[in-house]
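S.K.: I have a structure here, written as structure tokens, and I will follow up with some questions on it.
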Amino acid sequence: MYVCSCFGITEKQVREHADTGACTPRQIAGACKAGTDCGSCVRKIQALLGRGSCPRRESLDPVVLTPATAEVSVVELPAAEAA
Ligand code: FES
743 MYVCSCFGIT
753 EKQVREHADT
763 GACTPRQIAG
773 ACKAGTDCGS
783 CVRKIQALLG
793 RGSCPRRESL
803 DPVVLTPATA
813 EVSVVELPAA
823 EAA
């Protein structure tokens with residue numbers, strides 16, 4: 743079934759690109775141009791990407807703090823002045 747009729751890109755092709763590391767509609771567009779003409783297929787591509795697992799998705803997350811990477815700093819506040 744075609745996902746992008748402008749470029750004749752099928753659902754299978756989108757999944758194949760996703761399997762090789764394209765995790766966003768922009769990356770799919772970079773791989774096969776899908777979504778770069780009328781844009782009406784971008785939501786369908788996003789939906790397809792959302793269903794499958796993406797091997798690189800974790801590395802795309804901006805910052806994930808885990809207990810191993812999180813730093814907690816304690817700032818001592820000045821003692822309240824006695825009135
Ligand atoms: S249907 Fe994909 S860009 Fe038009």
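No gaps in the numbering here: position 21 of the sequence shown is 763 in my numbering, and each next residue is one more.
In this text, a Cβ means the ideal position worked out from N, Cα and C, and glycines have one as well.
Source: prediction; values computed, not measured.
1) Hey, could you find the ends of the beta strand (DSSP E) Cys-746 is sitting in?
2) Taking the straight line between their C-alpha atoms, what separation do you get for Gly-777 and Ala-771?
3) Note down the Cα distance separating Thr-762 from Pro-820, rounded to an integer number of angstroms.
4) Following a CB-centred definition, is Asp-761 positioned closer than 7 angstroms to any heavy atom of ligand 1?
5) Taking C-alpha atoms, which residue in Arg-785, Lys-775 and Arg-768 lies nearest to Gly-750?
6) Compare the Cα-Cα distances from Asp-779 to each of Cys-748, Tyr-744, Met-743 and Glu-818 and report the closest residue.
7) Looking only at its chain, what residues have a beta carbon closer than 6 angstroms to the beta carbon of Ala-764, apart from the 5 residues adjacent to it on each side?
M.R.: Looking at the atomic coordinates:
1) Counted from its first residue, the sequence shown places residue 746 at position 4. From DSSP, the beta strand (DSSP E) with Cys-746 extends over 744–746.
2) Along the sequence shown, one-based indexing puts residue 777 at 35. Along the sequence shown, one-based indexing puts residue 771 at 29. Each residue's CA atom was taken as its position, placing Gly-777 and Ala-771 some 6 angstroms apart.
3) Reading the sequence shown from its first residue, position 20 is the one you call residue 762. Reading the sequence shown from its first residue, position 78 is the one you call residue 820. Those two C-alpha atoms are separated by around 55 angstroms.
4) Along the sequence shown, read from residue 1 onward, the residue named residue 761 stands at position 19. Because no heavy atom of ligand 1 lies under 7 angstroms away, the Cβ of Asp-761 does not count as near it: no.
5) Translated into the one-based positions of the sequence shown, residue 750 becomes position 8. Ranking Arg-785, Lys-775 and Arg-768 by Cα distance to Gly-750 puts Lys-775 first.
6) In the sequence shown, counting from the first residue as 1, residue 779 sits at position 37. The residue with the shortest Cα to Cα distance from Asp-779 is Cys-748.
7) For the purposes of this step, residue 764 is taken as the residue at position 22 of the sequence shown. Excluding sequence neighbours, Ala-764 sits near Ile-770 and Ala-773.
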